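In this note's numbering, the protein residues as written are 113 to 313. Have a look at the structure below, then the notes.
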Amino acid sequence: MTATTTTRTAPAITPTRRRLAAVAALLAAAALLGDVAVSMVDPAALDDHSQGLGRVSEGLVGVAFLLGALALAALVPTRGRAGRGLWWQAAGRRAWWWLAVLGLAASGLSMIGVVVTGTEPPSGLVTAEVLIALVGMVGSAVTGVRAGTWPWPVGLGVALYLPIMFLVPLNAAFMALVWIGVAAAARRRTWRAGTTHPAVA
């Protein structure tokens with residue numbers, strides 16, 4: 113019996129795309145941490161997104177969503193485990209990522225729209241955007257772990273990003289941590305390197 117060492121390699125993503133993803137994710141985290149700072153000034157004011165600090169908060173979160181969409185778009189797998197199988201199977205796996213990108217971008221634009229117009233979008237539109245983003249982020253989280261794009265703790269954070277937003281106190285801080293994890297993963301070409309598996313000589 114001998115041991116062979118295998119490395120889980122991330123899908124073929126160019127260094128330029130990785131840098132773009134890392135920068136976008138870090139900027140998204142910075143915007144969310146800015147929202148945390150705003151919320152500490154006057155938490156009650158955040159309920160009204162059409163004016164004052166509430167408007168600032170809405171803008172920061174909207175920018176974070178747009179930057180998050182950019183980060184995920186830069187990390188869409190092109191080959192590797194996420195692309196294994198027939199071409200339509202690989203395309204289906206990548207579709208999860210584009211759903212996440214679409215949902216995050218649409219939500220971010222809606223938030224920016226509130227800042228510009230001072231009026232909230234229709235509730236049905238918001239619900240549709242959130243559902244698209246949720247389904248896409250869960251799918252891309254799982255696909256990203258399988259492809260080696262990020263380790264499972266980062267994938268878990270991506271999958272729980274929207275539940276955190278709606279259910280967790282001080283949500284922006286935890287949402288920022290998710291993007292920091294994505295940025296760290298984007299800067300690494302491999303993870304779980306050096307895992308040893310037994311093999312017959």
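Heads up, the beta-carbon is just placed ideally off N, CA and C, and yes, glycines get one too. Computed from a predicted model, the values in this text were never measured in an experiment.
In the structure shown, S219 adopts helical secondary structure according to DSSP, grouped into three states. Between the alpha carbons of L221 and L138 lies a distance of about 19 Å. For W210, the closest of P189, I224, M277 and L268 by C-alpha to C-alpha distance is P189.
By alpha-carbon distance to A245, the top candidate from T231, R130 and A185 is A185. In terms of Cβ geometry, L274 and V242 form a close pair [threshold 9 Å]. Apart from the 5 residues on each side of it in sequence, R167 sits with its Cβ closer than 7 Å to the Cβ of H161 and V227 in its chain, given in chain order.
A Cβ-Cβ contact shorter than 9 Å links L216 with G248. Shown here for A284: same chain residues with a beta carbon closer than 6 Å to its own, the five before and five after excluded, namely L144, D147 and V148 in chain order. A133 is positioned such that its CB atom lies closer than 9 Å to that of A183. Excluding the 5 residues flanking it on each side, A136 has same chain C-beta neighbours closer than 6 Å at L179, L182 and A183, in chain order. Non-local beta-carbon contacts of A295 in its own chain, meaning distances under 6 Å to residues more than five positions away in sequence, involve A134, A137 and L138 in chain order.
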